[in-house]
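Residue numbers for the sequence shown follow the numbering used here, so the first one is 1499 and each next one is one higher. Beta carbons: idealized from backbone N, C-alpha and C, even for Gly.
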Amino acid sequence: MTTFDDRERAFETKFARDEEMAFRVTARRNKLLGQWAAGLMKLTPEETDAYAKAVVQAEFEEAGDEDVVRKLLGDLTAAGTDVDEAAVRKALEEQAIEARRQLLESQ
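Right, dumping it as structure tokens:
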């Protein structure tokens, strides 16, 4: 029984660690996306920080990435930039890779 309990505990710990890492990657990705979009909208450094935080908060509106894509696309369109949904989704993928790289390097 002890071996089984140890294995179960190890799997639970790994699952919790993986879920935490996924959350951190998503939050970092959204921050990087906010900074990317702020650069396109030519925001000041202070506005960029605030906007990046707003993009991170947008993730909590609904499950999945659609709320973040919708926010970015709406804001970029309102700012008069020439960015379409495909460009936003491409940036989302690129920033996810960068976020994972940054988090792995920091460990």
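Range covered by the alpha helix (DSSP H) that runs through residue i
i, result
"Glu-1588", "Contrary to the premise, residue 1588 reads as Lys rather than Glu in this sequence. It spans 1583 to 1604 - the alpha helix (DSSP H) in which Lys-1588 sits, taken as one unbroken run."
"Glu-1545", "1543 to 1556"
"Glu-1578", "Inspection of the sequence shows that residue 1578 is occupied by Gly rather than by Glu. That residue, Gly-1578, is in no alpha helix (DSSP H); it is neither H nor E in DSSP."
Buried/exposed call for residue i, threshold 16 Cβ in 10 Å
i, result
"Glu-1506", "exposed"
"Lys-1569", "buried"
"Leu-1574", "buried"
Reduced DSSP category for residue i - H, G, I as helix; E, B as strand; rest coil
i, result
"Met-1519", "helix"
"Lys-1512", "helix"
"Lys-1569", "helix"
"Lys-1540", "coil"
"Gln-1562", "Here residue 1562 is Gly; the residue named in the question, Gln, does not match the sequence. Coil, per DSSP."
*Hey, is the region 1575 to 1594 in contact with the region 1521 to 1529, meaning 3+ C-beta pairs nearer than 8 Å?*
yes
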